[in-house]
Every structure is written in structure tokens, then in C-alpha cells.
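So for the sequence shown, our numbering puts the first residue at -2; every next one is plus one.
A short worksheet on the structure shown next.
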Amino acid sequence: MRRLVLKDFLASEEMYINQLEALLLPMKPLRATATTSQPVLTIQQIETIFYKIQDIYEIHKDFYDSLWPHVHNWDSEVVLGHLFQKLASQLGVYKAFVDNYKIALETAEKCSQNNIQFQKISEELKVKGTHSFVTMEALLYKPINRVTRSTNVLHDLLKHTPSDHPDYPLLQDALRISQNFLSSINEDIDPRRTAVTTPKGETRQLVKDGFLVEVAEGSRKLRHVFLFTDVLLCAKLKKTGVGKHQQYECKWYIPLAELVFPSLEESDLCPHVQAMPDHDLEDMKIKISSMKSEVQKEKANKGQSRAMERLKKKMFDNEFWLLLNSPSIPLRIHNRNGKSYLFLLSSDYERSEWREAIQKLQKKDLQTFVLSSVELQFLMGSCFKLRTVHNIPLTSNADDDQPPGMCGFLHVIVHSVKGFKQSANLYCTLEVDSFGYFVSKAKTRVFRDTTEPQWNEEFEIELEGSQYLRILCYEKCFDKTKVNKDNNEIVDRIVGKWQVQLDPQTVQTKNWHLDVIEMNGVKVEFSMKFTSRDMSLKRTPSKKQTGVFGVKISVVTKRERSKIPYVVRQCVEEVEKRGIDEVGIYRISGVATDIQALKAAFDSNSKDILVMLSDMDINAIAGTLKLYFRELPEPLLTDRLYPTFMQGIALSDPSAKENCMLHLLRSLPDPNLITFLFLLEHLKRVAEKESINKMSLHNLATVFGPTLLRPSEAESKGHLSLASDIWSHDVMAQVQVLLYYLQHPPVSFAELKHNALYLSTDV
-2 MRRLVLKDFL ASEEMYINQL EALLLPMKPL RATATTSQPV LTIQQIETIF
48 YKIQDIYEIH KDFYDSLWPH VHNWDSEVVL GHLFQKLASQ LGVYKAFVDN
98 YKIALETAEK CSQNNIQFQK ISEELKVKGT HSFVTMEALL YKPINRVTRS
148 TNVLHDLLKH TPSDHPDYPL LQDALRISQN FLSSINEDID PRRTAVTTPK
198 GETRQLVKDG FLVEVAEGSR KLRHVFLFTD VLLCAKLKKT GVGKHQQYEC
248 KWYIPLAELV FPSLEESDLC PHVQAMPDHD LEDMKIKISS MKSEVQKEKA
298 NKGQSRAMER LKKKMFDNEF WLLLNSPSIP LRIHNRNGKS YLFLLSSDYE
348 RSEWREAIQK LQKKDLQTFV LSSVELQFLM GSCFKLRTVH NIPLTSNADD
398 DQPPGMCGFL HVIVHSVKGF KQSANLYCTL EVDSFGYFVS KAKTRVFRDT
448 TEPQWNEEFE IELEGSQYLR ILCYEKCFDK TKVNKDNNEI VDRIVGKWQV
498 QLDPQTVQTK NWHLDVIEMN GVKVEFSMKF TSRDMSLKRT PSKKQTGVFG
548 VKISVVTKRE RSKIPYVVRQ CVEEVEKRGI DEVGIYRISG VATDIQALKA
598 AFDSNSKDIL VMLSDMDINA IAGTLKLYFR ELPEPLLTDR LYPTFMQGIA
648 LSDPSAKENC MLHLLRSLPD PNLITFLFLL EHLKRVAEKE SINKMSLHNL
698 ATVFGPTLLR PSEAESKGHL SLASDIWSHD VMAQVQVLLY YLQHPPVSFA
748 ELKHNALYLS TDV
């Protein structure tokens, strides 16, 4: 398979080299005439049009000549990853080519219009091995497309290269460099595909398009939005009969000359959109995950196509609902005539991309206009041909061979960002995609008044079928007069943003994987490693009985002479003191190094623990509390009772369920029960501030359920079938158990145990 992949790639490399040769062929005679009295082109025009083509040709000729003998005299042990590594290391030449690409095209077009001789040359280039002529414009696009092809080949090669083969780490490195390069450039710059000539003869170019949720007449609608060089157009995909071509119906358009973004003050005047409750979104995720499992089972059993189609249709409907209802970040635009439009996006990243793309086009000298019905019809027809996003971003629309995404925990260290020109107060947030939209998962501390922040902060991020990691760098706004009343609006300004594809073969190693990505001269340095869910949540009992973490709760409370472990009381107290209003408390990851420092302090019973707690970032304190429960040798609700908790939550009769669930609480050892009741009341107080911290009872149950119930290693082998997917049946049930107790009226220790006292004064 390795040889087949390489042989195919070698053939395409030969064609690519022939295309570059055809492009270079007229360059020599054009140079020769440039110094004569009748030049076809000037030296400057030649250098602009053919910029870096010679260098790209030499790089690929050298690569081809080195690879050819290895493929044709095949030996499965042959090492050739260094050739791909060398090819990837020279992508800087492609960056220079890409940056010059549009100028090269514009120059070639102008020269063709002004010089008939050059026009003839540029329209009749001959590629060796082909029979028809090709244009210079078409050949100039070939290098743009080439890196994508090389990256796909590296993916295929890695699939068929054993992990212990010497080529494997070399190919991984080449793939990492290639992916980062692709992330850093705008690939949608094909004017042949994206240009449309209007009936008046003007050229209009498609710059960006995609599916967005619009709020129209009080309800959410999915629209396909097209940004052209002079107009923003909002369209609806019309449903047509079987066999007919799909068509777009224009809902509205705004000439960019008339488009304005509202100020923060104006934004406050817009009606606020009711966000969908988080628990409804989480419930829908559970349904979709369950359906995905059923689809996989049907595929494995080669089930009837009719049953499969029904499942897929239901999954599509549920995913479509989630896509419509999950976005909550507003993008508002106005027409100068007073009409306003509102889109909802799932990430500040997308909002920033749309704003930047529109504002960049608005820097040009734009004229306002009105499209006639004929012009509008013509443009709608062009939209269908020119679109770059073809399908609604749903799993059910994905190809079968598309990677399913990663489930588990991604550990990320944000080291530093370099390249800012002016000092600012900077922080980063981390986002990953989940069920078709992006979710913010972590946030660094604010680094004040610097151009080169050095965070070196580690985070553990939960992945739910994720394929991308995004890093956004913000400038913090401390001016309280500029705070927007719209909870979803982020006042802080984005100063840098990057996206990285999560490739399982690259990330799934035991060692940290250092990466540097660059955009607009700004570099971010970070490290990643991936841990499967089973490994990350595995309970690790402490070998020493002197500490707190990994030690039985009964041992800790007896040693401390308290009803509740000191670590639990102190963390809860600090969260309630200054973290209860923090957006995403318990969901947003704390810095791993801070959490480890707190863990060490509690384990050694440090005298400085109270000072550390008061100075520490609140997400690290919340993370320390979660870590304590996760590292208990057995779950707080015990291994022994776990099967009965699973059976009890599945009961249909409300009365029987309540009797069973309360009986289970009575069956817990005293330290476990008192600590659990203490934690329940704390989580309820956190949820009371849901309108501020965005953490509902359901959210908190999702965070703490598996932590408080997941069995220890020995037990899980005995009676559980643990899937790697977070929404496996067991995890869903664990969440439901905790949610049941959170929603139940308060019960005291005295009521449950018939004792007179609930908590002693030292608690």
C-alpha cells in the first residue's frame, strides 16, 4: 500500500513538474526582449508574474529525482520520510508565492489587455504529455493546490506506515508542518472558480460563503450567506423536486458601500435573543450520540438500508435542530437606510472572520447600487456554481471516509505569543469543535502590558468528536464604561487567531508535541498531547497514606478529625467567595501547573495553603476540587453501590425511584454521605447564578457526574463496558444520577440517618 500511494504521487509530481516547465518556458524569451527597444513585458512585470516559480520547480525536481529510484526499486524497509520532511521545510517559498499570487494574476491580466503578443502567449501554453493548450492563469493556480495534495498523501502514507518504522516520525513531522502551513494561508483564492461577470461586464468575485443562523421575525433560520467583493447576499436553499437542480432564493442583499456594523451602544438597543437552555442542548447531544452508535451497529451488521435511512433521517433532523439552536454570539449588521439584520454564531472566531473580511473589502472605493430582477436572478444562479461550502455542516452529511474526530482529553500548554507591535493586556482562549459548532474550553490569565506574553499554562480539554483546536488571543478591556449589556457580546478585542487540525496520528503520543503556528507575523507556541478517556479518568490510589489526593475519604476525615475533607471545604469556600459569578465555573479548565501546585500544598498540609488559595486563579481552585474527587481510590458514591445507582435511575415509577435513590444515600458511609450532601448544596448555589455564570444544574451534573460515580479500575473490568465516547450509556446514566439529586428537594444527614446532628461546628 505504501508503494501504491507513492507511485500514484510520483506520477502526479511528474505532471506538476511538466506544468511548472510549461509556465517557465516563455519566461526566458520574455526576459530577452525586456532589454530591447520593443519589450513585450518589463523586467518588473516578468518578476511579478513568474515570482518564485523557478524556485518551486527546482524544489520539486530535486524531490522527484530523489524519490523516483526508491519507488521503482522498491524495498519495504526503505526510509524516505526525510524527503517529505525536506519538502515540507521549504514551504516558505510557497508562502511567498501565495502572498504574491493575486498581484501576479492582476499583472498578467493587465499585460494581456495591453499587449496582444503576451495575450497570445498566456492563452496557448503547452504542457508536456497533454494534447490541449492551457492558460497561464490556470497554471499559476497549480502551486496553490499542490500543498493540499501533498498533505493528503502524507495522511495516506501514515495510515500505511507501521508506527515502529523509521519513516513514521519523519512523516508525522512533515504532516505537522504542512497542516500548519495550510492553516496559515487563505486557500479560497481561486479567481477562476470564484469570479462572475455581471450582465454589465463587471467582475464580481466571491470572497467567502457559509451557513449562518439568522434571526428573522423572531425565529431562527438557516441561511447560506455569500460575501462578494461589493455585496453581502443572504440566501435560502429552495427545496426542489427529485432530479431537479437545487436553487437559491435571495432573502436580502446589502451593497458593501451601505453596510455598517453597530457600535456597542447601538448593539445594546437591539432586541436580545433568548438563548436555548444548556440542558436542552446537552440532552440533544446525548440523543445524537446514541443514534450514531445505532448507525455504526447497523453498518457492522449490514442492516437493511430502509432502517438505516430512517435512522440517518432522524439523526439529520436532530443535528439540524442543534445547529439552529446552539449559536448564541450575535453578529449584527445595518444597512445605511436603517434596516438591521442579526446572525448568531457559535464562536467569536467566526464572527471575527466575517467582520474582518467585510471591513477589508470596504477599504476599497466601493459604489452603491440596486440590482435589477435580471441581475439578481443572474447572481443567484452564480451563487450555486461558485459556493465553496456545499453541505450543511452535519455529521449525517459527512462522507463515510471522513475521520470521525477525537474523543478523550487533549492536554494543551500555551507557551507564548510573539510578534505584537504594541504592548497590551493579553490573554488566550482555547476552543474545540463539538457536534458541528465550537465551544470555549479554557482561558489563560491576563498578561499585563507586554508584547510577548509568556504563559506556559497547561490545560486539560475534553474532546467530543473534535477535529480542530482554535487559539484566540484577546486584548483585555478594563474600561468599565465600555462593558456591553448584551451577555453574549465580548468587548475584549481579538488581536490574533489560529486554527489547528487535530490529527490523531500526530497527537496520540505519550510525549508532548511542540508546535508553532504563525499568522500575519504573529506566532503562537504551544504543546499538545492526547489521553484517551479511560486513561485520563482512571482512578490512581495513593501508595502513601500521608497525603490527601488518592487516599480513602474515611482515612482523610479521620486523620483531620472532620466530617468533610479540608480540601473540599476550602475549595468550595473560595469558589463561593469569588468564583460563583465566573462564566463557565467548573467547565472552563484551570491551569494544570496551578492545580498540581495546590494538590502538592494540600498533600503536604502546607501552612501557606490559605494564601495560595486567595492568590490562585479561581478555575484552578475549581479544577483542584474536581481532581480530588477524580483521584479518590473509589468514587464518592462507592463501587459497591454503583450497579444499584444505575438500576435505580432507570426506574420508571417516580415513587419507586425516589425510595430507591434515597435508600442508596442512606447506604453510603458517613464521610461519603456528608461530603456528598455538602457538595450538592454548593452546586445548587452555583446554579442559582446560572444567568451570570452560564452553569445550569444539568451542566454541573455533566461535569461532576462521571467524577463522583465512575467506578475504580478493578470494578469497571467486572461489570461495565466502557466506551471511549463521553456520551456512552454509562456516562449518560452517571450524569442523570447526579442531576436527580440536584433537582430533588434538600435532604439532611439527620433525616437520612436519623441522627440529631448534620454537621459539627468545625464544618
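All residues carry an ideal CB built from backbone N, CA and C; glycine is no exception.
{"Asked": "Complete runs of the alpha helix (DSSP H) confined to the stretch 333 to 419 [at least 4 residues]", "Found": "345 to 359, 370 to 383"}
{"Asked": "Residues bridged to H510 [DSSP beta-bridge criterion]", "Found": "M525"}
{"Asked": "Alpha-carbon spacing of H741 relative to L674, whole angstroms", "Found": "12 angstroms"}
{"Asked": "Segment limits, beta strand (DSSP E) that includes L427", "Found": "421 to 431"}
{"Asked": "Assigned secondary structure, L21 (DSSP; H/G/I helix, E/B strand, else coil)", "Found": "helix"}
{"Asked": "CB-CB length for E457 against S586, believed under 8 angstroms", "Found": "5 angstroms"}
{"Asked": "I330 and L342 closer than 8 angstroms at C-beta", "Found": "no"}
{"Asked": "Within 8 angstroms, strictly: CB atoms of F435 and R467", "Found": "yes"}
{"Asked": "Rounded straight-line distance, which links the Cα of K123 to that of N97", "Found": "24 angstroms"}
{"Asked": "DSSP state of I251 mapped onto helix, strand, coil", "Found": "strand"}
{"Asked": "First through last residue of the beta strand (DSSP E) which encompasses Q202", "Found": "200 to 213"}
{"Asked": "Where Q356 falls, given that 16 or more other Cβ within 10 Å makes a residue buried", "Found": "exposed"}
{"Asked": "One or two residues paired with E472 in a DSSP bridge", "Found": "L423, R490"}
{"Asked": "Cβ pair count under 8 angstroms reaching 3, the stretch 107 to 116 against the stretch 81 to 94", "Found": "no"}
{"Asked": "S285 versus M516 - alpha carbon distance", "Found": "Reading the sequence as shown, one finds Ile at residue 285 and not Ser. The straight-line gap from Cα to Cα measures roughly 36 angstroms."}
{"Asked": "CB of M679 within 8 angstroms of CB of E522, strictly", "Found": "Strictly speaking, residue 679 in this sequence is His, with Met absent from that position. Result no, Cβ atoms of H679 and E522 do not sit closer than 8 angstroms."}
{"Asked": "Pick from P274, A589, L224, K156 that is closest to W351, judged by C-alpha positions", "Found": "L224"}
{"Asked": "Which listed residue (E246, P450, E455) has its alpha carbon closest to that of K520", "Found": "P450"}
{"Asked": "Top-ranked residue by Cα proximity to F317, from N334, Q364, L209", "Found": "L209"}
{"Asked": "Span of the alpha helix (DSSP H), counted from its first residue to its last, around N453", "Found": "Here N453 belongs to no alpha helix (DSSP H); instead the beta strand (DSSP E) covers 451 to 463."}
{"Asked": "C-beta contact flag for T30 and P36 at 8 angstroms", "Found": "yes"}
{"Asked": "For S344 and S745, the rounded distance between their alpha carbons", "Found": "42 angstroms"}
{"Asked": "Nearest-angstrom Cα separation, counted from I113 out to V222", "Found": "39 angstroms"}
{"Asked": "Exposed unless 16 or more other CB atoms sit within 10 angstroms - verdict on L266", "Found": "Residue placement at L266 cannot be trusted, given a pLDDT of 45 that sits under 50; the coordinates are not used to answer."}
{"Asked": "Helix, strand or coil at Q644 according to DSSP, with G and I counted as helix", "Found": "helix"}
{"Asked": "Residues that W495 bridges to, as DSSP identifies them", "Found": "I468"}
{"Asked": "Beta-carbon gap between L172 and L151 smaller than 8 angstroms", "Found": "yes"}
{"Asked": "Close-in-space but distant-in-sequence residues of the same chain around Q116 (CB under 7 angstroms, 5 per side omitted)", "Found": "S109"}
{"Asked": "Three-state secondary structure (DSSP) of E557", "Found": "helix"}
{"Asked": "Exposure label - F475; buried when at least 16 CB within 10 Å", "Found": "exposed"}
{"Asked": "In chain order, each alpha helix (DSSP H) run of at least 4 residues that lies wholly inside the stretch 102 to 128", "Found": "113 to 120"}
{"Asked": "Continuous beta strand (DSSP E) stretch holding D446: start and end", "Found": "444 to 447"}
{"Asked": "The stretch 53 to 72 in contact with the stretch -2 to 10 per 3-pair CB rule at 8 angstroms", "Found": "yes"}
{"Asked": "Reduced DSSP secondary structure (H/G/I, E/B, other) of L662", "Found": "helix"}
{"Asked": "Cα-Cα separation between L219 and L638, rounded to whole angstroms", "Found": "47 angstroms"}
{"Asked": "For L595, the nearest candidate out of G518, I618, G581 (CA to CA)", "Found": "I618"}
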